[in-house]
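A short write-up of the structure that comes next.
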Ligand SMILES: Cc1cc2nc3c(=O)[nH]c(=O)nc-3n(C[C@H](O)[C@H](O)[C@H](O)COP(=O)(O)OP(=O)(O)OC[C@H]3O[C@@H](n4cnc5c(N)ncnc54)[C@H](O)[C@@H]3O)c2cc1C
């Protein structure tokens, strides 16, 4: 069975992660055979960029790992010093970069009002700071074969895993059908990776980028993500739907996609909160 259809396992893997403490791993033994959960390691924050008023890009190097290997769509878990209880300190972040043979990854994080983890990340973490993290984790990854159209539907920082996927597809020259990246946000100042994805659209055959704004008129599309993918798939082509972001969006999208006649197997979801 392709990995794509095992999405329900993410929570199983995560709950095992909460229950088990992991001994330190050697550099060649990052995965421990008992549970396949990667060991904790130290990351060094190399660069921080404020990309929108509330969103920062963190470039993190992992000096204990020669090459950080992962599948586009996977995430890392940070252990932040924000609580006495270990599992209350853990926050997950999708890897926004793609596997490139180095030990450096990029995270895209939005500051959440009243959020303990993001308060720490935005106030305490500077370039040169250390982070404790483990990964890669998760099964929100590309289907084994891109033999149907692919709809990547997201809001806000939910674009992170999809940025990783589309660059990877292009760089690895993976055969694919049409790929529609539908990205919803409020205003032009909240657009993430806009120039980069516009550019990719010009150079990657079959890749279509659909940014949509819910609170500002502009030269592009307005409204919510839902009417965009519904219009694009109005003739119900064979398709995979991948949804990423906050639950309100993913719940509604799933309901609408199933109502169109697609099945649960066609829909794969990563919920941020
Ligand atoms: C697999 C996975 C990948 C993720 N990847 C990313 C990513 O790439 N970028 C990113 O920015 N976030 C991502 N998240 C969300 C992230 O893990 C944290 O939940 C988020 O940063 C908030 O943490 P916090 O400690 O600041 O807030 P908390 O202190 O945990 O939450 C404070 C309050 O806000 C509520 N809340 C928590 N999260 C949200 C939310 N997203 N929207 C609205 N209310 C919320 C909580 O219910 C709580 O009441 C991911 C989550 C998962 C499970």
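Numbering (this note's numbering), first residue to last: 203 to 475. Every residue, glycine too, gets a C-beta built ideally from N, C-alpha and C. Here the structure is a predicted model, which means the values were calculated and not measured.
Assuming residue i and residue j form a contact by the criterion Cβ under 8 Å, report the distance between their Cβ atoms to the nearest whole angstrom.
{"i": "residue 391", "j": "residue 244", "result": "So it is not a contact: roughly 34 Å between Cβ atoms."}
{"i": "residue 311", "j": "residue 257", "result": "7 Å"}
{"i": "residue 182", "j": "residue 352", "result": "With the chain covering only 203 through 475, there is no way to say anything about residue 182."}
{"i": "residue 295", "j": "residue 314", "result": "Not quite, the Cβ-Cβ distance comes to about 12 Å (not below 8 Å), so this is no contact."}
{"i": "residue 285", "j": "residue 291", "result": "5 Å"}
Could you check whether residue j and residue i sit closer than 8 Å to each other, using their CB atoms as the reference points?
{"i": "residue 386", "j": "residue 416", "result": "yes"}
{"i": "residue 297", "j": "residue 366", "result": "yes"}
{"i": "residue 274", "j": "residue 343", "result": "yes"}
{"i": "residue 448", "j": "residue 426", "result": "no"}
{"i": "residue 371", "j": "residue 444", "result": "no"}
{"i": "residue 412", "j": "residue 423", "result": "yes"}
{"i": "residue 272", "j": "residue 301", "result": "yes"}
{"i": "residue 458", "j": "residue 410", "result": "no"}
{"i": "residue 374", "j": "residue 277", "result": "no"}
{"i": "residue 262", "j": "residue 246", "result": "yes"}
{"i": "residue 377", "j": "residue 348", "result": "yes"}
{"i": "residue 446", "j": "residue 360", "result": "yes"}
{"i": "residue 350", "j": "residue 440", "result": "yes"}
Please classify residue i: is it buried, with 16 or more other beta-carbons within 10 angstroms of its beta-carbon, or exposed?
{"i": "residue 288", "result": "exposed"}
{"i": "residue 336", "result": "buried"}
{"i": "residue 346", "result": "exposed"}
{"i": "residue 363", "result": "buried"}
Which residue or residues does DSSP assign as beta-bridge partners of residue i?
{"i": "residue 470", "result": "444"}
{"i": "residue 245", "result": "333"}
{"i": "residue 299", "result": "None, per the DSSP bridge assignment."}
{"i": "residue 309", "result": "260 and 297"}
{"i": "residue 382", "result": "353 and 410"}
- Query: Enumerated in chain order, which unbroken segments of the alpha helix (DSSP H) with a length of 4 residues or greater are wholly contained in the region 398 to 459?
  - Reply: 427 to 434
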